[in-house]
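Chains S and P supply the protein sequences, listed in that same order. Here the first sequence is numbered in the numbering used here, starting from 1024 and rising by one per residue. Here the second sequence is numbered in the numbering used here, starting from 1024 and rising by one per residue. Right, one structure below, let's go through it.
Protein chains: 2
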Amino acid sequence: MGEYQLMIPGPVEVNYEVLSQMSSPVRCHYGEDWAKIYNETVELCKKVVRTQEDLFIYVGSGHAGLDAAIGSLLEEGDKVLVPANGFFGYRLAEIAASHMCKVSLKEIEWGKPISPDEIESELTNDIGIKAVLIVHHETSTGVVNPIREIAAICREKNVLILVDAVSSLGGLDVNMDEWGIDICVSASQKCLAAPPGLMLVAVGQRAWEKIQKRRSSIRGWYLNLVKWKEYADSQRTVQPYFITMAVNNILALRKSVEQILEEGLERRFERHSIIGAMVRTRIRSLGLEVLAEESAASGLVTAVKLPPNSSAIELMEFLRGHYNIQVSNGLGPYVNKAIRIGHMARGAAPDRVIPLLFAIEEWLKQIGYKTRVVK
Amino acid sequence: MGEYQLMIPGPVEVNYEVLSQMSSPVRCHYGEDWAKIYNETVELCKKVVRTQEDLFIYVGSGHAGLDAAIGSLLEEGDKVLVPANGFFGYRLAEIAASHMCKVSLKEIEWGKPISPDEIESELTNDIGIKAVLIVHHETSTGVVNPIREIAAICREKNVLILVDAVSSLGGLDVNMDEWGIDICVSASQKCLAAPPGLMLVAVGQRAWEKIQKRRSSIRGWYLNLVKWKEYADSQRTVQPYFITMAVNNILALRKSVEQILEEGLERRFERHSIIGAMVRTRIRSLGLEVLAEESAASGLVTAVKLPPNSSAIELMEFLRGHYNIQVSNGLGPYVNKAIRIGHMARGAAPDRVIPLLFAIEEWLKQIGYKTRVVK
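Below, the structure is given as structure tokens:
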């Protein structure tokens, strides 16, 4: 299995300076020296989430973080609003249901953003809703949801907002404190540009207040945020958690977030935005459709609808076979009908996207599709 | 922070061939190529657990595995017997309680093994007990519990047995199928000699039968074993799980388990056993006491009781400062009264333990303790 260029919606390509941290000698996951490294990593991540609140880094995938957040914040019978305009919105609903929440699912057409007005009217119509669970960036469609505006409405209505920023953090602006996000969850392997293995959960004051008022105890051990906080507070300088930390992954994440902050968040967001626009323009100039509505299209992932009677799997094989480029299949209703291109982190660069766009054009010609580009 | 020799009860020192896998280019966590690598790793691990049953590898620490196992197997009101002869026995009880089980805690003196006879009488006296949750190797004391005998009793009494083999797997014999263990949990960073970040959960037929008969649904999403099996069965050749796998950690674990099987399990167990005996003999010859009763002492960890009025922290600082060796403090009643030496995996070798034993002797002389060794 040779090397290939990874252009899927995560995990992303990780640069060697970060990767080499992964093969550092394994060290003790407690003690002052190590706690300092972990705490530094937490502080660096807080700068990306733009929060002064608690932030925890744990061993697990992004979904473990979402599960921890939802299972700790909410309890049996709590009513939650889950707007879903893609695969990961539905997954939030499933996780909430697994914690016995009453899920009010608001289905929105894939490719369209979630409208703040609709959220406002849902919250006005049902004053029983305790929290909105929402995806920031849908990697299934490449759509960005307007979290800032929706969070403002949640504040106004005194409803909590929990944001799945798994794929957006580090690529799109997330401003937890200014926007008033109550819980923000992410993971190491997308725009944070580190290998998979770690999840991040940031928890604000309003969320803690809700958790303190729980009528029932949090089920389970590992994903209990109250316990996380207890250890983070009481063992800060020695071992701010009760598990064996994935020390090598933390070292890699620290290096990666250092690089992100060195690049500068604004510059990084702009880089993604420019590359996204470039990809979409070219895709459309080939006569293909982008799944995301332009006004809400992200610079992180572009989902491309393929011509009728063509096959995403065939295109993926072509790209892998002839260009060593790996992209992803569509999800949900777009399986085999769209490909998803990840241009996150290192992938948000002309030298990464141009060969891919060239290769897609090549394939379109091969299958006899008349592209619009005049050569 | 310089390099130092890691002789704590995990994570363990990882050799460079395994470490270098950690810095492999990040790859896609799905697709045939990758599924093959993941499935190969699962099969290699099954050889160490000695099972033909289901085995899952997930992102998380060992406690995430225990939480998944306990929360999936047991439900609110289920009565469980948890014998505790060390820190991690109590933790099993806590995890079970967090899932609303009725925990019958059987406390046993630290340093002594759990007696099969006692388990038998507990199960005879209380026929309501559905499962025994038990630690194989207590890293808090260095004691091995007789799982084989206890599992036989559980079978006879038709009670399930869930084994925490986090620190034992790869260093002590675990024979899941022959012994009749129902769920066996481990992690990557102890005797499996890979970096931390992955947990292993093996689940047998009797456990699945109990899970199928649950009256209530499993709470939560990430740690739900039923969902794990569903994906492992239905997406075996593409993506046998529903999360983003920590691909680099899997590559490292695969390499490490390959090395373990190359060494041979029996030889490996013997190596640990010999080194353990060597460490204990020397410790006793210095006039110090080993916490574990000799009949049940492991070759993986030796907890050493320190002379009265001496300090484990001071000894640890001495070892770190003068010999670059990191050991651990005692746990529970032995905090600052004992040190714990991990001699697992690469650490189970004379060139690792001799400098440490020498250094301990040196320290004893410095604090004015009359060692028994004649020079």
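Cβ coordinates follow ideal geometry from the N, Cα and C atoms, glycine included.
Taking C-beta pairs closer than 7 Å, name the residues in chain S that residue i reaches, listed in chain order.
{"i": "residue 1272 of chain P", "result": "1220"}
{"i": "residue 1026 of chain P", "result": "1048"}
{"i": "residue 1031 of chain P", "result": "1051"}
Report the neighbours of residue i on chain S: residues whose CB is nearer than 8 Å to its CB, in chain order.
{"i": "residue 1210 of chain P", "result": "1267"}
{"i": "residue 1043 of chain P", "result": "1046"}
{"i": "residue 1169 of chain P", "result": "Chain S residues near residue 1169 of chain P: none, gap ~26 Å exceeds 8 Å."}
I'd like to confirm the pairing. Which residues does DSSP put opposite residue i in its beta bridges?
{"i": "residue 1271 of chain P", "result": "Answer is none; residue 1271 of chain P lacks a bridge partner."}
{"i": "residue 1365 of chain P", "result": "P:1324"}
{"i": "residue 1212 of chain S", "result": "According to DSSP, residue 1212 of chain S bridges with nothing at all."}
{"i": "residue 1127 of chain S", "result": "S:1104"}
{"i": "residue 1166 of chain P", "result": "P:1161, P:1320"}
{"i": "residue 1222 of chain S", "result": "S:1081, S:1210"}
{"i": "residue 1351 of chain S", "result": "S:1363"}
{"i": "residue 1028 of chain S", "result": "S:1348"}
{"i": "residue 1200 of chain P", "result": "According to DSSP, residue 1200 of chain P bridges with nothing at all."}
{"i": "residue 1097 of chain S", "result": "According to DSSP, residue 1097 of chain S bridges with nothing at all."}
Do residue j and residue i count as a contact pair if the criterion is CB distance below 9 Å?
{"i": "residue 1099 of chain P", "j": "residue 1240 of chain P", "result": "no"}
{"i": "residue 1266 of chain P", "j": "residue 1151 of chain S", "result": "no"}
{"i": "residue 1197 of chain P", "j": "residue 1071 of chain P", "result": "yes"}
{"i": "residue 1208 of chain S", "j": "residue 1225 of chain S", "result": "yes"}
{"i": "residue 1058 of chain S", "j": "residue 1259 of chain S", "result": "yes"}
{"i": "residue 1269 of chain S", "j": "residue 1037 of chain S", "result": "no"}
{"i": "residue 1354 of chain P", "j": "residue 1386 of chain P", "result": "no"}
{"i": "residue 1158 of chain P", "j": "residue 1195 of chain P", "result": "no"}
{"i": "residue 1263 of chain P", "j": "residue 1062 of chain P", "result": "yes"}
{"i": "residue 1361 of chain P", "j": "residue 1326 of chain P", "result": "yes"}
{"i": "residue 1177 of chain S", "j": "residue 1146 of chain S", "result": "yes"}
Just tell me which of the options has its CA closest to the CA of residue i.
{"i": "residue 1295 of chain S", "options": "S:1076, S:1065, S:1193, S:1185", "result": "S:1193"}
{"i": "residue 1191 of chain S", "options": "S:1367, S:1378, S:1387", "result": "S:1367"}
{"i": "residue 1242 of chain P", "options": "S:1122, S:1349, S:1306", "result": "S:1122"}
{"i": "residue 1039 of chain S", "options": "S:1304, S:1354, S:1386, S:1276", "result": "S:1276"}
{"i": "residue 1165 of chain P", "options": "P:1179, P:1349, P:1318", "result": "P:1318"}
{"i": "residue 1399 of chain S", "options": "S:1059, S:1332, S:1067", "result": "As shown, chain S starts at 1024 and ends at 1398. That puts residue 1399 of chain S outside it, with no answer to give."}
{"i": "residue 1103 of chain S", "options": "S:1109, S:1110, S:1093", "result": "S:1093"}
{"i": "residue 1048 of chain P", "options": "S:1101, S:1066, S:1028", "result": "S:1028"}
{"i": "residue 1051 of chain P", "options": "S:1372, S:1373, S:1381, S:1365", "result": "S:1365"}
{"i": "residue 1090 of chain S", "options": "S:1206, S:1053, S:1169, S:1183", "result": "S:1206"}
{"i": "residue 1298 of chain S", "options": "S:1316, S:1281, S:1323", "result": "S:1323"}
{"i": "residue 1137 of chain S", "options": "S:1231, S:1115, S:1117, S:1107", "result": "S:1107"}
{"i": "residue 1379 of chain P", "options": "P:1054, P:1338, P:1195", "result": "P:1338"}
{"i": "residue 1114 of chain S", "options": "S:1097, S:1187, S:1054", "result": "S:1187"}
{"i": "residue 1256 of chain P", "options": "P:1211, P:1303, P:1079, P:1376", "result": "P:1079"}
{"i": "residue 1211 of chain P", "options": "S:1178, S:1082, S:1120", "result": "S:1082"}
{"i": "residue 1156 of chain P", "options": "P:1135, P:1182, P:1133", "result": "P:1182"}
{"i": "residue 1359 of chain S", "options": "S:1344, S:1374, S:1119, S:1328", "result": "S:1328"}
{"i": "residue 1154 of chain S", "options": "S:1247, S:1251, S:1184, S:1384", "result": "S:1184"}
{"i": "residue 1301 of chain P", "options": "P:1381, P:1112, P:1074", "result": "P:1381"}
{"i": "residue 1087 of chain S", "options": "S:1283, S:1120, S:1222", "result": "S:1222"}
{"i": "residue 1204 of chain S", "options": "S:1075, S:1237, S:1284, S:1282", "result": "S:1075"}
{"i": "residue 1034 of chain P", "options": "P:1218, P:1374, P:1320, P:1349", "result": "P:1218"}
{"i": "residue 1073 of chain S", "options": "S:1245, S:1284, S:1125, S:1126", "result": "S:1284"}
{"i": "residue 1377 of chain P", "options": "P:1303, P:1148, P:1140, P:1274", "result": "P:1303"}
{"i": "residue 1126 of chain S", "options": "S:1116, S:1340, S:1134, S:1132", "result": "S:1116"}
Which residues in chain P sit within 7 Å of residue i, going by Cβ to Cβ distance?
{"i": "residue 1090 of chain S", "result": "1243, 1244, 1245"}
{"i": "residue 1117 of chain S", "result": "1244"}
{"i": "residue 1159 of chain S", "result": "Those do not exist, as residue 1159 of chain S stays about 17 Å from chain P at its closest Cβ, beyond 7 Å."}
{"i": "residue 1084 of chain S", "result": "1082, 1266, 1267"}
{"i": "residue 1037 of chain S", "result": "1049"}
{"i": "residue 1300 of chain S", "result": "Neighbours of residue 1300 of chain S on chain P: none; closest Cβ ~26 Å, over 7 Å."}
{"i": "residue 1094 of chain S", "result": "1243"}
Closer than 9 Å by beta-carbon distance: list the chain P residues that pair up with residue i, in chain order.
{"i": "residue 1106 of chain S", "result": "Ordered by position in chain P, no residue passes the 9 Å Cβ test against residue 1106 of chain S, which lies about 19 Å from the chain."}
Does any residue of chain B have a CB that is nearer than 9 Å to the CB of residue i?
{"i": "residue 1326 of chain P", "result": "Of the protein chains in this structure, namely S and P, none is chain B."}
Under 9 Å between beta-carbons, which chain S residues line up against residue i? List them in chain order, please.
{"i": "residue 1263 of chain P", "result": "Chain S residues near residue 1263 of chain P: none, gap ~14 Å exceeds 9 Å."}
{"i": "residue 1174 of chain P", "result": "The premise fails here: residue 1174 of chain P is roughly 24 Å from chain S at the closest Cβ pair, so nothing lies under 9 Å."}
Does the beta carbon of residue i fall short of 8 Å from some heavy atom of the ligand SAM?
{"i": "residue 1386 of chain P", "result": "The model on display carries no ligand, and the ligand SAM is accordingly not part of it."}
Listing by chain order, which chain P residues have their CB less than 8 Å from the CB of residue i?
{"i": "residue 1154 of chain S", "result": "The contacting residues do not exist; residue 1154 of chain S stays about 16 Å from chain P at best."}
With 8 Å as the limit, tell me which residues of the stretch 1356 to 1379 of chain S have their beta carbon closer than that to any beta carbon of chain P; keep them in chain order. Listed by position along the chain: nothing, the set is empty.
Beta carbons nearer than 8 Å to chain S: which residues of the stretch 1238 to 1251 of chain P have them? Per Cβ criterion, the list reads 1240, 1241, 1242, 1243, 1244, 1245, 1246, 1247.
At a CB distance below 8 Å, what residues from the stretch 1330 to 1350 of chain S approach chain P? Give them in sequence order. Going along the stretch 1330 to 1350 of chain S in chain order, one finds 1349 with a Cβ nearer than 8 Å to chain P.
For the stretch 1120 to 1150 of chain S, which residues have a CB atom closer than 8 Å to at least one CB atom of chain P, in sequence order? Under the 8 Å Cβ criterion, the stretch 1120 to 1150 of chain S contributes 1121, 1122, 1123.
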